[in-house]
Every structure is written in C-alpha cells, then in structure tokens.
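Report on the following structure.
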Amino acid sequence: MASNSDDDDVSIPSRYRNVSLDALRVSARKKLSLYLNIERLLNEEGIVPDYNGLAEQIGFSFLEIQNFGRQRDPTTEVLNEWTRRPDLSPTVGQLFYYLKVMGREDVLTDCKRSIVLDIEHYVSQQERRQDAVVPLQDDTISQSSTPESSDFTDHDTDEYRYMTVQDVENNSPAFYDAFVCYDPEGYDLQFVKKMLSELESARYGLKLFVPWRDDLPGSSTHTVSAKLIQDRCRRMVIIMSPRFLKSPACDFQTKFAHSLSPGSRSKKLVPVLITPCFIPQILRHVTLCDFTKRDLMEWFWHRLARAIKAPLNFEELQINDKISLEDITLSLDQEQYRNSGSSSSSSSSSSQPLPIIHSPPSSSLSSRPAAAANSPGSSGDHTPMEPGSPVQSASPGSPMASMSSSTQSSSPIPPRRRHRQTDRSIPQLFPSSQC
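For the record, in the sequence shown the residue sitting at position 80 is 84 according to the working numbering, with numbers rising by one throughout.
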C-alpha cells in the first residue's frame with residue numbers, strides 16, 4: 005500500500021487504516037454509490053474507474069462482477085459483499101488505496117469527511133463496549149496451574165464424582181430410590197416435605213433425591229439432573245400441578261426420563277397428581293397416584309411406596325423362601341407312570357392322571373408315633389410310600405392282595421411329591437370299594 009501523509013486530502017489517518025469496513029454507515033455508502041455507479045471508460049492504467057474497477061481490484065470474479073451490474077445499486081452491493089468476505093481484507097485503508105489507484109481523487113476528496121466521521125463513531129462504540137465488560141477475575145490470578153503440576157487443566161476433572169451432598173459426606177457415589185421432579189414453590193414444596201416425612205420414615209425406609217436439598221451448588225443443572233436420573237435413581241416421582249407445567253426444569257427432567265423408558269415399560273415414571281391440572285400427552289397413558297381423592301387417602305402412601313420399591317426388571321426379583329423350593333421334589337418316573345397307567349385296563353382308576361400327594365414336613369413325620377406309621381390297618385392314616393420302597397404284603401386270598409399283584413404287574417409304584425401344605429390329608433391311591 006502506498007504511503008501518504010495524514011495531511012493529504014486523499015489519504016486517511018494511519019490510525020484508521022485497519023478499521024473494518026463495518027464502520028461505514030448508510031450515508032457514506034450512498035455517497036460513494038453516487039460517484040461509482042456511473043460507468044466510465046478505461047483510464048490510462050487500463051482500469052475502469054467505477055464499481056467494476058473497484059470490484060476487480062478487490063478480487064471478485066467476472067461472474068460476480070456481472071451479477072453486481074444487474075443490481076439497482078451496484079456499488080452498495082460490492083461494498084456489502086466485500087464486508088462479508090474477511091479473506092478479501094475489508095478495511096477502510098484498502099478502500100482508499102483502490103480508489104487512488106483508479107484515479108478517483110474526486111471521490112476521496114468529497115467522501116473523506118463522511119468516512120472519517122463514521123470511523124470515529126465506530127471506534128468510540130467499540131471502546132465503550134470494552135469498558136462495559138467487567139472481567140471475572142484479575143489478570144494476575146490464574147487457575148491454569150497448580151504447585152504440583154504446571155500443565156493442570158480442569159478438563160481432567162470428573163464432574164460426576166461429587167454431584168450430591170451425600171457424595172461429599174460419604175466420599176462415595178450415593179444412589180437413590182427415586183428422583184423427585186417438582187417446582188420448589190407454594191403448595192408443591194409443602195407436599196414434597198410431607199412426602200419426605202412419610203416415605204423416608206422407618207415405616208418405608210426410602211431414600212429420595214430432592215433438588216434444592218441434595219444437589220450441590222455450582223454444578224451444571226441439566227447435566228447433573230440427567231446423570232442422576234439415568235444412573236443414580238431407580239425411578240422418578242413427578243409432582244404434577246399447574247406450577248409443574250410452567251417449569252422448564254421439570255419439563256426437561258420429565259422428557260429425559262421418558263426417553264429412558266418409552267411407553268413406561270419399566271415403570272420408571274411415577275406421576276403424583278396433587279392439584280387438578282392438564283395432563284401432558286406423554287403421561288396420559290401412565291397410571292397416576294391421585295392425592296386429590298381424599299376418600300382414597302388411607303391407601304395413598306402405601307401404594308406410592310410400593311410403586312417406588314417395585315423391581316425394574318426380572319433380574320431384581322429375589323426368592324427369599326429357598327426352603328420351599330428344596331421341599332418340592334419331582335420324580336423322573338412321572339411320565340412313565342402316566343403312560344403305563346393310560347394303557348392299563350386293570351382298573352378304571354389307573355387311567356386317571358397322577359394324583360398330587362401332599363406330605364407334612366420332616367418334623368411332622370418324625371413326631372408321629374412309629375406304630376401308627378407302620379400300621380397299614382389304622383383307620384384314617386395312610387403311611388406315605390417312599391419312591392422305590394416295596395409295597396407291604398397283604399394276607400393271601402384277600403382283595404388287597406389280588407389288587408396289589410395286578411398293580412405291580414401293570415404299572416410302577418406312583419411317585420410321591422412333597423409340598424409345604426400340611427393341613428390336607430393324603431388321598432388314597434385306590435378306591436375304597438376295591439380294598
């Protein structure tokens with residue numbers, strides 16, 4: 005760029021040469037258009053001293069220059085497009101330089117005052133904005149390093165390690181039965197306090213995460229709540245009211261939890277209606293806990309607690325009564341007994357399905373008198389037969405002896421099943437009419 009003195013009428017002060025072309029306001033651009041929109045012939049240097057020559061020196065292509073010529077104000081279009089192209093160095097100093105190369109000293113002389121006034125206004129506005137910005141900390145204080153490591157940055161910090169008050173108290177991640185989604189004002193807050201006194205009592209023993217009570221200040225609200233809902237809380241209790249519908253935080257939490265369990269397949273969302281209001285579309289198919297029905301209040305807290313405690317999937321189901329499973333035995337000869345019983349024609353009872361024999365537990369069997377257990381003729385008592393044990397012999401010529409011989413030849417001894425129930429007597433294997 006050619007150097008010129010600041011006193012020259014066709015030069016711009018050096019302190020303004022690097023000012024962006026954004027400084028030019030509408031008046032200065034219109035004034036430049038009055039001179040450059042008029043098409044002229046080539047000058048001695050072979051440059052067209054109008055908007056075509058200006059666009060050519062700036063660096064626009066032939067097609068772009070042709071498009072500028074089709075506009076009502078070609079010079080304004082050139083200046084506007086140049087301002088949006090930082091790769092073409094859109095500065096006021098470059099504009100003055102191109103106009104001087106084109107030999108348009110008349111434009112520089114007549115438009116210099118308007119351009120300088122726009123630049124001074126632009127610079128003063130920039131300085132005013134910088135003064136209005138207050139730094140967050142002094143420049144002499146830096147958090148980019150620590151005594152232990154000079155290259156420490158907060159990008160290595162695990163922001164999910166300490167998200168709740170309990171995380172800091174126990175120095176380990178805390179897990180909760182449910183996340184409480186509510187608006188912390190008015191009646192909604194009063195109900196949440198009432199709910200905490202009921203569900204966190206010794207009667208139910210639940211552990212709830214309540215925003216504004218358990219979250220740590222200084223963390224990202226939506227980031228922490230999403231992480232807690234997804235990984236730390238089994239369910240989310242939604243306190244529905246007109247305030248809930250107006251809360252952006254509640255809207256985000258509800259939609260995020262619903263995305264984790266579409267269609268409520270795992271029953272992750274537990275809506276609680278405390279004030280009549282409009283039910284959102286994503287919650288209309290979910291069963292509510294209605295706190296507004298006073299006649300059902302005696303069942304409300306127990307029902308809500310069980311909904312929170314319910315297992316999320318089959319893996320969480322636990323069978324506590326393992327002894328009952330050990331007491332149930334299944335004989336491998338059951339199918340064989342049924343097949344042989346169906347083909348036997350010795351008696352009508354042989355074709356019937358295998359009867360289920362209920363036996364008392366071992367303690368009850370051991371308490372019975374040995375004489376009663378070994379006496380086949382005792383009335384009302386029938387000794388249970390162990391699988392594979394021989395049938396007790398009967399007197400020759402008796403109907404029982406003939407029935408026993410026919411039974412032994414036609415089908416094996418029916419197996420026995422143990423069962424926990426002891427209040428039922430053992431059914432007879434054979435009809436009393438044949439004995």
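Here a beta-carbon is modelled for each residue, glycine too, at the ideal position from N, C-alpha and C.
The distance from the Cβ of residue 186 to that of residue 243 is about 4 Å, consistent with a contact at the 8 Å cut-off. The shortest C-alpha to C-alpha distance from residue 75 to any of 311, 113, 286, 41 is the one to 41. Per DSSP, residue 274 is one residue of the beta strand (DSSP E) stretching across 273-277. If you draw a straight line from the Cα of residue 202 to the Cα of residue 278, it is about 16 Å long. In the three-state DSSP reduction, residue 243 falls in the strand class (E or B). In the DSSP assignment, residue 180 falls outside any alpha helix (DSSP H) and within the unbroken beta strand (DSSP E) covering 180-185. A Cβ-Cβ distance of about 14 Å is found for the pair residue 184 and residue 169, leaving them out of contact under the 8 Å criterion. Taking 7 Å as the cut-off, the Cβ atoms of residue 52 and residue 123 do not count as close. If you look at residue 73, you'll find it in the alpha helix (DSSP H) that goes 66-73.
Put simply, the backbone Cα of residue 31 is about 30 Å away from that of residue 49. One Cα belongs to residue 261, the other to residue 273, and the distance between them is close to 7 Å. The secondary-structure analysis by DSSP pairs residue 24 across a beta bridge with 95. Counted as a single uninterrupted DSSP element, the alpha helix (DSSP H) harbouring residue 169 occupies residues 169-174. The Cβ atoms of residue 292 and residue 280 lie no closer than 7 Å to each other. In the structure shown, the three-state DSSP call for residue 29 is coil.
A direct Cα-to-Cα measurement between residue 208 and residue 309 gives close to 7 Å. DSSP, read as helix, strand or coil, puts residue 255 in helix. Around the Cβ of residue 258, a 10 Å sphere holds 16 or more other Cβ atoms; the residue is buried.
In this structure residue 77 touches residue 37 by the C-beta definition: roughly 5 Å separates them, less than 8 Å.
Between residue 102 and residue 58, the C-beta spacing is below 7 Å.
With respect to the 7 Å criterion, residue 63 and residue 92 are classified as neighbours on the basis of their beta carbons.
For residue 80, the enclosing alpha helix (DSSP H) starts and ends at 78-87.
When the Cα atoms are used, residue 180 and residue 266 turn out to be separated by approximately 21 Å. Considering only 33, 311, 99, the residue with the shortest C-alpha distance to residue 239 is 311. In this structure, the beta-carbon distance from residue 314 to residue 241 does not fall below 7 Å.
Here residue 316 is exposed: its Cβ has fewer than 16 other Cβ atoms, across all protein chains shown, within 10 Å. Note on geometry: alpha-carbon atoms of residue 172 and residue 166 lie some 6 Å from one another. By the neighbour-count criterion, in which 16 or more other beta carbons inside 10 Å mark a residue as buried, residue 109 falls on the exposed side. The beta-carbon separation of residue 96 and residue 16, rounded to 6 Å, stays under the 8 Å limit for a contact. The criterion of a C-beta distance shorter than 7 Å is not satisfied by residue 192 and residue 251.
Taking every protein chain shown into account, the CB of residue 221 has fewer than 16 other CB atoms within 10 angstroms, so this residue is exposed. Its Cα nearest to that of residue 301, the residue 199 stands out among 229, 216, 290, 199. With 16 or more other Cβ atoms inside 10 Å of its own Cβ, residue 27 counts as buried. Put simply, the backbone Cα of residue 190 is about 20 Å away from that of residue 212.
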